[in-house]
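Heads up: the structure comes next, in structure tokens.
Protein chains: 2
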Amino acid sequence: MNRAYNHTKNKGLNPNISVDCVIFGFDFEKLNVVTIRRGTGNGSELMRTALPGDLIYDNENLDMAAERVLEELTGLKDVYLEQVGAFGDPNRVRNKKDEKWLKSIREQPEARVVTIAYYSLLPMEKCQLLASSFAKSVQWEAVADIKDLAFDHLEILKTSLDKLKNKLAHQPVGVNLLPEKFTLGQLQKMYETILDKKIDKRNFRRKIQKLDILTLLDEKQTGVPHKPSHYVKFNDKKYRELSETGFDNFGF
Amino acid sequence: MNRAYNHTKNKGLNPNISVDCVIFGFDFEKLNVVTIRRGTGNGSELMRTALPGDLIYDNENLDMAAERVLEELTGLKDVYLEQVGAFGDPNRVRNKKDEKWLKSIREQPEARVVTIAYYSLLPMEKCQLLASSFAKSVQWEAVADIKDLAFDHLEILKTSLDKLKNKLAHQPVGVNLLPEKFTLGQLQKMYETILDKKIDKRNFRRKIQKLDILTLLDEKQTGVPHKPSHYVKFNDKKYRELSETGFDNFGF
DNA sequence: GCAAAAGTGTTAACTGTACACCCATGA
DNA sequence: TCATGGGTGTACAGTTAACACTTTTGC
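These protein sequence lines map, in sequence, to chains X and G.
Residues 6 to 257 in our numbering are what the first sequence spells out, letter by letter.
Residues 6 to 257 in our numbering are what the second sequence spells out, letter by letter.
Okay, structure coming up:
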């Protein structure tokens, strides 16, 4: 895909436009997000936690830029990303550490940057995180624990989370956050975690089953200290259909 | 507001970032949008219809840039704009006329531009459109009639329209599209026009009245060739409250 | 046997939807 | 008197929301 653009004159990095990626993952306990640490030198005193993001090239489109940057910094490939919006307060660089870091890495560290944020949902256990480029490390962090991020990344994270919550009410979610087989209890936990509220078990099951996107498997849980649950999986066809048409009655 | 930023060093126009504004208006018949015409010279053969939009300054934030650009091109002041998203295909300049026009007006006509789109709703009758800067004219055009626009503005218009439709289901709409006094019939017509579907009169009335955002006025229509309708107005306090909290049960 | 989550139905309140007639006015 | 949109109520179907007990397993 990138190749097509490489035939046109390559103008290199655009100093004014970046992309940032908010990658959510669910571990059956809490909602997590991929962060990187970067800084000048190795001293932890200059380290900053940030969302994976970087400047785009003049000859690539925004969606592709987000994919590329995500892969370069975290090793995550072929991730479907959805745009959250543009963030571009001219004084989004408020922190001295961010300023220093920019000077150490950018050709035009003072340039005004507008960033386009993207988000995605991934099954954590399938992800191989691999820090490279200026990312000193990559890791999953609990969204609830994140109190500070570089630039305006905290705002971006909050807006992305709102967008994710909203998505739950309008489209099926889970293919991307859960393993192939899962239990209804785990699915409900996912909804409860993202929406940050308790849901009645019977009502949840009735409602989710009516969507008709789940296939009951013969297999049951093993080794759990309670009645083992049947595993279910998503019915891909129905799931995709519903993703496209959407619905608007899935509030809890 | 702008003043605060003018104290910082003014870096001038950023060649890579623009804003575009999609201003919707309703005339009791159809949905309209503000367009400008611009081109090289006065010959109509080089004219292009476009959304009002231009490059931003390095020292202004995106929202303010959108407000400023809108005012400069159309004379519309103090318009509350909501972000739609970023559009930035590197080959969004596909048309020769657009290319020529860029060369005639931009210092760096070949620069890659990412545009941030904004939309708003305005009562048409209160708007004084005044073309200035590079806008040769400004006018309302029926959304349904628009088949071609400069750059990727048609895509931006479509996305904004989707966003507007979506807004109807989640927040009260109308303060900005209707005059102060209006009839329930007119309000219904507005919903029908935007959603592009017929709505049952009794159901519509019941539902909108339950929102409790309307105040019945004593005044009635005059000069209409049918039973005159009572005028209503919005209850500003309730309207604002609902705008903030939102709802999700206003589908038709 | 105890702790922990699975699994399962009913009821009452509310919401959505479909539907038809008379009214007040201007022309 | 006709055409036009204003204004009104009901019944049925479907959806939401609240609620409690038995089952199966590991320890």
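Cβ coordinates follow ideal geometry from the N, Cα and C atoms, glycine included.
If you're wondering where the values come from, they're calculated on a predicted model, not measured in any experiment.
State yes or no: is the C-beta of V178 of chain X within less than 8 Å of the C-beta of N37 of chain X? Indexing the first sequence from 1 puts residue 178 of chain X at position 173. Indexing the first sequence from 1 puts residue 37 of chain X at position 32. With contacts defined as CB atoms closer than 8 Å, V178 of chain X and N37 of chain X fail to qualify as a contacting pair.
I'd like to know if the stretch 53-60 of chain G and the stretch 25-33 of chain G are in contact, where contact means that at least 3 CB-CB pairs between them fall below 8 Å. Judged by Cβ distances under 8 Å, the stretch 53-60 of chain G makes contact with the stretch 25-33 of chain G, as three or more pairs qualify.
Taking CB distances under 8 Å as the criterion, tell me whether L56 of chain G reaches chain X. Reading the second sequence from its first residue, position 51 is the one you call residue 56 of chain G. Taking Cβ atoms only, chain X never reaches closer than 8 Å to L56 of chain G, which makes this a no.
Sort G:T79, G:L60, G:M69 and G:D103 by Cα distance to E50 of chain G and report the nearest one. The residue labelled residue 50 of chain G in the question sits at position 45 within the second sequence. Ranking the options by Cα distance to E50 of chain G, first place goes to G:D103.
Along the beta strand (DSSP E) that carries F29 of chain G, what are the first and last residues, could you check? By one-based count along the second sequence, residue 29 of chain G stands at place 24. L18 to F31 is the span of the beta strand (DSSP E), which, as asked, contains F29 of chain G.
Keeping to the same chain, check which residues put their C-beta closer than 8 Å to that of M129 of chain X; ignore five residues upstream and five downstream. Locating residue 129 of chain X in the first sequence gives position 124, where the first residue counts as 1. In the same chain as M129 of chain X, and ignoring 5 residues on each side of it, the C-beta atoms closer than 8 Å to its own belong to G30, F31, D32, N37 and W145, in chain order.
Under 8 Å: do the stretch 70-90 of chain X and the stretch 119-138 of chain X share three or more Cβ pairs, one atom per stretch? Taking a cut-off of 8 Å for Cβ pairs, the stretch 70-90 of chain X and the stretch 119-138 of chain X touch, as three or more such pairs fall below it.
DSSP puts S142 of chain G in a beta bridge; with which residues? Along the second sequence, read from residue 1 onward, the residue named residue 142 of chain G stands at position 137. Answer is G:R42, bridged to S142 of chain G.
Using alpha carbons as the reference points, say which of X:D68, X:L222, X:P20 and X:Q193 lies closest to E112 of chain X. In the first sequence, counting from the first residue as 1, residue 112 of chain X sits at position 107. Residue X:P20 is the option with its Cα nearest to E112 of chain X.
Beta-carbon proximity check, I41 of chain G vs A116 of chain G, cutoff 8 Å: Position 36 of the second sequence, counting from 1, holds the residue named residue 41 of chain G. Position 111 of the second sequence, counting from 1, holds the residue named residue 116 of chain G. No.
Beta-carbon separation (whole angstroms), N251 of chain G vs Q176 of chain G, contact threshold 8 Å: The residue you call residue 251 of chain G lines up with position 246 of the second sequence. The residue you call residue 176 of chain G lines up with position 171 of the second sequence. Checking the sequence, you will find Gly at residue 251 of chain G rather than Asn. Between Q176 of chain G and G251 of chain G the Cβ distance is about 5 Å, and since that is below 8 Å, they are a contact.
On the premise that L154 of chain X lies in contact with L166 of chain X, defined as a C-beta separation below 8 Å, what is that separation, rounded to the nearest angstrom? Residue 166 of chain X sits at position 161 when you count from the first residue of the first sequence. Residue 154 of chain X sits at position 149 when you count from the first residue of the first sequence. For a cut-off of 8 Å, the C-beta gap from L166 of chain X to L154 of chain X is around 13 Å, too long to register as a contact.
Taking beta-carbon pairs under 7 Å, can you tell me which members of the stretch 68-86 of chain X lie near chain G? Hits within the stretch: zero.
Can you tell me whether Q214 of chain X is buried or exposed, with buried defined as 16 or more other CB within 10 angstroms of its CB? Residue numbering aside, residue 214 of chain X sits at position 209 when the first sequence is read from its first letter. Q214 of chain X sits exposed, since fewer than 16 C-beta atoms from the chains shown fall within 10 Å of its C-beta.
State buried or exposed for Y85 of chain G, treating a residue as buried only when at least 16 other CB atoms are found within 10 Å of its CB. What you label residue 85 of chain G is simply residue 80 of the second sequence in a count that begins at 1. The residue in question, Y85 of chain G, is exposed, as its Cβ has fewer than 16 Cβ neighbours within 10 Å.
Any idea what DSSP makes of H235 of chain X, helix, strand or coil? In the first sequence, the residue the question calls residue 235 of chain X occupies position 230. In the structure shown, H235 of chain X sits in a strand (DSSP, three-state: E or B).
Relative to the C-alpha of Q226 of chain X, which residue among X:L189, X:Y196, X:D253 and X:E76 is closest? If you number the first sequence from 1, residue 226 of chain X lands on position 221. Of the listed residues, the one whose Cα sits closest to Q226 of chain X is X:L189.
When the cut-off is 8 Å and only beta carbons count, does A9 of chain G lie next to chain X? Along the second sequence, one-based indexing puts residue 9 of chain G at 4. Low per-residue confidence applies at A9 of chain G: pLDDT is 34, beneath 50, and the placement is therefore not dependable, though the value from the model is reported in the following sentence. No - not a single Cβ of chain X is within 8 Å of the one on A9 of chain G.
Using a Cβ-Cβ distance under 8 Å, would G1 of chain X count as near chain G? Outside the shown range of chain X, which is 6 to 257, sits residue 1 of chain X, and nothing can be said about it.
Please identify the residue among X:K243, X:T198 and X:T45 whose C-alpha is closest to the C-alpha of L173 of chain X. One-based indexing of the first sequence puts residue 173 of chain X at position 168. Residue X:T198 is the option with its Cα nearest to L173 of chain X.
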